[in-house]
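Data block below; observations after.
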Amino acid sequence: MSKNRIYWFCQIVGWTMLIMAEFAIFTFEEGYRSDFFYEAIATIILCILLTHLYRLMIKRWRWVQLPFFQLVPRVILSVFVLAVIMTIINLPIDKQVLPEYLSDEPSIVLGYLLNWGKSMLAWVLSYTAYHYVERSRDAEIEKILLKTSIRESEAKVLRSQLNPHFVFNALNSIRALVLENPTKAQQSITQLSNILRNSLLADRRKTVELREEIKTVEDYLALEKVRYEDRLNCRLEIDPKTQYLQVPPMMLQTLVENAIKHGVQKAISGGFVELTTWLEDRLLYIRIRNTGVLGNTEASSGFGLKNTSQRLELLYGPEATFQIHQESGDVVCADIVIPLQSAGVFKRTEELKRV
């Protein structure tokens, strides 16, 4: 049921029950009188019309958006005006219909004002309180939506900056292979194409399956292997149970790229890059080890590492962690921990988006 229908239902049923309760009491004590019944029907219609006009007035002037201390005097004045209008209209009619029960004493007027004042106050407070609660709820929803939008925008910006920086080096390596090893050159072009395609798709997806990300890393390492040859050794140990869990797209490729750029590339005799994944205590662990000296590189403050921390926080909250440290004299270790529930939470969402 829409809010408008609920409003009219409450208006009609509420005022009908209130007025008819008084009519029923009078009928039980004095017997049925048709003129009093018609007056009760007219009073119901009048109450509905007056309170509806009040509703239109506060919506037009946006009273519910006013501070509390400004709203209270307006509510009190409105209740008094509504009570006065109901008294002015009902009192003369009641004197005509029920002259034996009413006199011209001032107390009768005061009694009518208090009686209608209580009814109108109950209606006005109920309606105003409802709108205040509704407004607060809408404000909270807008705040949540705004926060979600900001987080999504931040995540999208982070993903959009994940374009590979090795493209020109890869193209130069492929050019050298064209005459020397055409088959290898074709394979390298396919690998580069896969990486660029995944980089473009990363802007559209929050997460991807780990196996897809591993395939991107494998293509990247294969291209770098063409460039560094024997100076680069690669080892991947992927737990089969982790392959279908969700991770941020291009995240591992960026970390591996940093490992080579700030570690292997600067080592005189080259080095290694090792990627390992495993599950433990409902947590997904990803570890990247590589040759390098953390204190002598820019890796600790590089964009890729800051990017990783921000993306993990945006996607999984504070439960996900990213740490990088010097494991030994010439080995740097980066550890990523993602809650298992969070790692799989986006899978169904992404499947639905692709349908």
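The sequence shown runs 12 to 366 under our numbering. We put the CB at the ideal spot given by N, CA and C, even for glycine.
The segment 137–151 and the segment 62–76 touch, with no fewer than 3 CB-CB distances between them shorter than 8 Å. In the displayed model, R238 falls within a helix according to three-state DSSP. Within the DSSP bridge table, the entry for V348 names Y296, T332 as partners. For the 8 Å CB-CB criterion, I55 and W26 form a contact. DSSP places T265 inside the alpha helix (DSSP H), whose first and last residues are 262–270. A distance below 8 Å separates the beta carbons of I349 and L295. In this structure, D105 is the residue among D105, K226, Q197 with its C-alpha nearest to the C-alpha of Y123. Separation of A187 and G281 (C-alpha to C-alpha, rounded to the nearest whole angstrom) is 21 Å. Closest in C-alpha terms to I225, from the list M261, K217, F47, T38, comes M261. With a threshold of 16 other beta carbon atoms within 10 Å, I185 meets it and is buried.
Counting only residues of its own chain and dropping the five nearest sequence neighbours on each side, I335 has a CB closer than 8 Å to the CB of L305, A310, S311, L316, V343, C344, A345, D346.
Within its own chain, the residues whose Cβ lies closer than 7 Å to the Cβ of Q202, once the five positions on either side in sequence are excluded, are D230, A233, L234, listed in chain order.
With a threshold of 16 other beta carbon atoms within 10 Å, Q257 meets it and is buried.
The segment 178–261 is shown to contain whole beta strand (DSSP E) runs of 3 or more residues at 243–249, in chain order. Where L82 is concerned, the enclosing alpha helix (DSSP H) starts and stops at 79–108. Contact between T227 and I200 is ruled out by a C-beta separation of about 16 Å, above the 8 Å threshold. The continuous alpha helix (DSSP H) containing L57 extends over residues 45–72. Classified as buried, F34 has 16 or more neighbouring CB atoms from the shown chains inside 10 Å of its CB.
In the structure shown, the three-state DSSP call for V343 is strand. For the pair F283 and N318, the CB atoms are not nearer than the 8 Å cut-off. For the pair L212 and T253, the CB atoms are not nearer than the 8 Å cut-off. By alpha-carbon distance to F333, the top candidate from T98, K272, L82, L263 is L263. Here P259 is near R322, since their CB atoms are less than 8 Å apart.
Around the beta-carbon of E50, 16 or more other beta-carbon atoms lie within 10 Å, marking it buried. For V284, the uninterrupted beta strand (DSSP E) segment begins and ends at 282–291. If you compare the alpha carbons of C58, L109, D341, F80 with that of M28, the shortest gap goes to C58.
For a cut-off of 8 Å, the C-beta gap from E338 to R300 is around 7 Å, short enough to register as a contact.
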